[in-house]
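A short write-up of the structure that comes next.
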Amino acid sequence: MNEALLLILLALLTGGWILQVRALERRIRRLEQQAASLSQRFFALSLWSEVLQQRLDGDTTPEPARLAAAEELPPPTPEAEAEAETEATSQPEPVAAAVATPALRPPAPPAAPRPRATKSGPWKRIERLLVENWSGLLGVLVVVAGVTFLTINAGLQLGPRERFLLTLLAGGALALPSVLWGRRPRWRDLTDAMRSGGGALVLFACAAAGGLPQLGLQWIDDPIPALALLAAGVAANLALAAIARTAAIASLHVAVSLVPLAIGPQGGPALAIASAIALVGSELPLRHRWPRHRLVVSWLFGAFQVVWFLRNGPALAASPALAAGAVLAAALVFGPGLLRLHRPGAAPARPQAVSVALLISPWAGLGLALLLYPPAAVVRAGALAAAAGVALLLGRGARQRGPRWLALGDGLVGQTLVLAALLSLAPLIADGPLLAGVVLLESLLFLAIAVREGSGPLVRVGWWLSAAAALVLALSGLGAALLRGDPVHQLQTGAVLTVGAGLTVGMQVLLQRRAVPLPLPPLPGWLAGSLVAVGTALVVPEDWRSPLSLVVMGAFLVAAGRWRPPGLLSAMTAAIALAHGAGWLTLLIQAPWPPLPLLARLLPLAVLALLLTVAAGGGRRQGLGLALLGVDAGLGVLWLLEPISPLLPGAAWLLLSAGALAGSRWLRGGAVRVALGLSLAYLAAFAAAFLVVIGPSQELVTLGVLQVRGRLLIELLAIAVGLHGWFFRAGPDLARLPSWKAVQPCFLEGSLLGVVVLLQGEISAPWRAVAWTLLALLLVCPALVRCFAIRLQVYGVIVYWLAVGTLLVSLSVGLPSFPPATGAAQTAGLVAIALQTAFVLACRRWLDLERLPEPGGWPPLAWVGGRVARRRNLWLGHPLFIAVAVVLASGYDRALLTLLWTAEALAVYLLGVVLREPQFRQVALVGLGACLLRLLAIDMAQADLGLRGLVFVGVGVLLLALNALVHRFRSRFG
């Protein structure tokens, strides 16, 4: 009971506080106006009194400035005029006559300072309000509360009926001052507050008499008399609301009338009475029709709806009739307010806070009732859809004859109700993507209606709603892709996403044709691309992804090329790239593949990439299409040919490299760079395959009666591809690329590297020096140099050094003693020495010493070429001399080694004389010295005297011959 009393006191205090604040504000404004008027009148009267006094003293000089200032004062308010007239009647008659004389213009004495209205601070104003006004109001309320407690305390000794009568008597006592002193302005606000408190007390007494036993006032058990008594209390409060002077008092009485129904027994009667209270209370008082009062009443009934729903939930679930009655009550309460606002001339031309709230609040209450009360999802969705239709019809009517803000509000309300209807179908539509697709369809329809009606704000709202719905649909599809349901459900989800993308693109094309200005025009295109990518590349079963991606994305590519909606082509490019990435990942994880399933998955992707290349028409998109197509081809040949032979993918990549380079002639712009990149990527893949698979392979290939290594054929193919790149005539776009200018010379080196690898892998060890020497002779040939480049001669010198090194290694140079070489090694060594000698002689005629220092290509080549051009005999002769010495040491008897080396030294010396090369002579003399030391140290110790003598005689004869030649050709030693 105490809680109920405290609730009553709280309501009374709140209402009284609101009323008192408003009354005080009006009184303060009135007093300020009166004070300003009296101040102005007093100033004017003071001026005229000074003039009259000077006139009586005999001074007739007028004072026009001050009199004019007095005449220009603003007119006083009616209240100030009345007070001024009262004061004027008390003035003497001569003074009044003097004031009325217009001809008097007395001179002005020193101007008196004009009084200024002092502004009291906020704390002083609050103090005055509390002391002068609130002290009385709070005193009255406290007294009322105390009297109430005393009455209840005394009534506890009585029966429920006596307590009820005592409470009614207290309520009448509170209302009695309003009857006695309510017309006096000084007591009007206080008596109105006491009357409202008495009405509230009477209402709670009537409610407690039949339905609130906690208050101790229940004495009626029959529901019909109790309901009648409650209706009487409610009628009394509504009557007080009808005669209320302010909207706050009227709203307070309606709120007080609803409180007993909210805390009392629930059911259909309580809702019916509350609906009647709200319906009648919103129209009271009849002479004022305050919009704020109607707004507060709608809020009160909405709050009552929520409380009533929470307390009657089980009954609503069990009784469809009760739910239908609740919906009907909400429609009866909120509907008239909406219809009233849509009458011609009822709504203001521009939106105001109260008017907008009067539009939103009834719709919110009605929508809340339609969401809460119907237990079945279908019925709930149908009711919300019907309400949305009514809102759209009202908006259409407002657009024709009313303010546009009202039509905009109705459109937004209708859209909200439709979305609520669709979301309420969630228990029936358990599929998230399907529900999101339905919401997207509705949002696009709303956008189409807004475009048709020509409402800019509604178009923007529909635009953003459609974008949000498409994004939610894409995210729900992605979630479905992660969950991986049954194939039928996956296909259904993919279809929903595809249809959503099509609708989005269709709406985008419609907006583009009608030139509707919108923010972020490419956004629908990107959203459509994301829907297509998720639907066809991620959601549907794996066996369906490639064909569906080809069909759906190809169709969207055609649409993008025909209608050119903003952002769609870029979005489809990204979607195609995503489809390729997902397809490659799936193929890589599940490899190896049989040929037919592999082609079924890879060919659609390749065709899709080709469509992108054609539809892009140039630029980066065409380059991306070419790149995707190239990767498809590279992976395809890998997975198709590897089961047949591990050597075939490398050979296929070589052919693809040559094809990509050749295809660059028919490309333009950035696609040329992509083609070059693909060609180089294929070559890199071949290089990796050669190092890992092809190089170590010993697989044989049968060609008729011949059996050769498959590696040899692939190496010849690689050399041919390198030569193709060297002789390739680039198109104008390719020729301008810096990357091509840097790469194209390297094809020559690549071909040479292929030849080197072929010789190293296919020629046996003893004969490799011969092969290297033949290659060196071929490289320095002028005819070949004219076909390629001057740096071939530099490479020839390098290969010659490689041949010498190979010969030295094959004959075991560096061991403490030279082991006897085999017959094949000796033969190969002699042939190599002969060829190397021929190379040195040929270089004297074939090397282009002028161009050799600048051969082009890598910087080390210039370093080698420059040194060979300056000291050709040195860089070519010394390696040959070493090789000859090693061959002689490995192929003949050691007893004759001194004689043979002496002969070689004599030959070198003679060659130095002929070529006028001092270093040759010096090297020869050093060699002769070494031979003499060997002669004395080693050959002297030989056991066979005959062989020892033969060696000594031979060496001596060679030295004599050397001496004779020196004297004969002394002129050449200058």
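Its first residue numbered 232, the sequence shown is counted upward by one per residue in the numbering used here.
For each residue, glycine too, the CB sits at the ideal point set by N, CA and C.
For residue i, the residue or residues it bridges with in DSSP
i, result
"residue 939", "932"
Chain D within 9 Å of residue i, Cβ atoms only
i, result
"residue 791", "The structure shown contains no chain D; it is built from a single protein chain."
Residue range of the alpha helix (DSSP H) that includes residue i
i, result
"residue 553", "551 to 572"
"residue 468", "454 to 473"
"residue 823", "Segment: none, residue 823 is in no alpha helix (DSSP H) and carries neither H nor E."
"residue 506", "499 to 512"
"residue 738", "718 to 744"
"residue 1017", "1013 to 1018"
"residue 673", "663 to 684"
"residue 755", "754 to 765"
"residue 1031", "1022 to 1041"
"residue 480", "478 to 494"
"residue 402", "391 to 412"
"residue 913", "901 to 920"
"residue 591", "584 to 603"
"residue 995", "Careful: residue 995 lies outside any alpha helix (DSSP H) and carries neither H nor E."
"residue 532", "522 to 542"
"residue 577", "Run containing residue 577: none; DSSP gives neither H nor E here."
"residue 1094", "1090 to 1101"
"residue 853", "850 to 872"
"residue 886", "879 to 894"
"residue 697", "687 to 714"
"residue 1081", "Run containing residue 1081: none; DSSP gives neither H nor E here."
"residue 962", "From DSSP, residue 962 is part of no alpha helix (DSSP H); its letter is neither H nor E."
Residues of its chain near residue i, where Cβ-Cβ distance is below 8 Å and the 5 sequence neighbours each way are ignored
i, result
"residue 581", "634 and 636"
"residue 331", "With a pLDDT of only 37 at residue 331, under the threshold of 50, the placement of this residue in the model should not be trusted, and no figure is reported."
"residue 474", "516"
"residue 939", "931 and 932"
"residue 690", "678, 681, 682, 747 and 749"
8 Å contact criterion, which residue i and residue j should meet: CB distance rounded
i, j, result
"residue 808", "residue 859", "7 Å"
"residue 1083", "residue 1069", "Not a contact, Cβ separation roughly 20 Å."
"residue 686", "residue 639", "6 Å"
"residue 648", "residue 619", "4 Å"
"residue 1216", "residue 536", "Residue 1216 lies beyond the residue range present for the chain, which begins at 232 and ends at 1205; the question has no answer from this structure."
"residue 1074", "residue 1103", "7 Å"
"residue 434", "residue 465", "7 Å"
"residue 865", "residue 916", "6 Å"
"residue 1042", "residue 1117", "5 Å"
"residue 668", "residue 710", "Incorrect: roughly 14 Å between the Cβ atoms, too far for contact."
"residue 1135", "residue 1115", "6 Å"
Same chain, Cβ closer than 6 Å to residue i, neighbours up to 5 away in sequence not counted
i, result
"residue 675", "697, 734 and 738"
"residue 1142", "1151"
"residue 761", "705"
"residue 615", "601, 648, 651 and 652"
"residue 993", "943"
Beta-carbon proximity list for residue i, same chain, < 7 Å, skipping 5 on both sides
i, result
"residue 951", "none"
"residue 629", "573, 637, 638 and 641"
Cβ contact (3+ pairs, closer than 8 Å) linking the stretch 954 to 965 and the stretch 891 to 900: Yes, they touch.
Check whether the stretch 538 to 548 touches the stretch 510 to 518, taking contact to mean three or more Cβ pairs, one atom from each stretch, closer than 8 Å. Remark: fewer than three beta-carbon pairs, one from each stretch, lie closer than 8 Å, so the stretch 538 to 548 and the stretch 510 to 518 are not flagged as touching.
Closer than 8 Å is the cut-off here; do at least three beta carbon pairs connect the stretch 746 to 758 with the stretch 788 to 804? The stretch 746 to 758 vs the stretch 788 to 804: in contact.
Between the stretch 966 to 977 and the stretch 918 to 936, do three or more beta carbon pairs fall short of 8 Å? Contact between the stretch 966 to 977 and the stretch 918 to 936 is absent, because fewer than three Cβ pairs lie under 8 Å.
Are three or more beta carbon pairs between the stretch 1009 to 1022 and the stretch 1032 to 1040 nearer than 8 Å? Cβ pair count under 8 Å is below three, so no.
Is the stretch 548 to 558 in contact with the stretch 593 to 613, if contact means three or more CB pairs nearer than 8 Å? Yes: at least three Cβ pairs fall under 8 Å.
Under 8 Å, with one C-beta from each stretch per pair, do the stretch 872 to 880 and the stretch 828 to 837 reach the 3-pair mark? In this structure the stretch 872 to 880 does not touch the stretch 828 to 837; the number of beta carbon pairs closer than 8 Å is below three.
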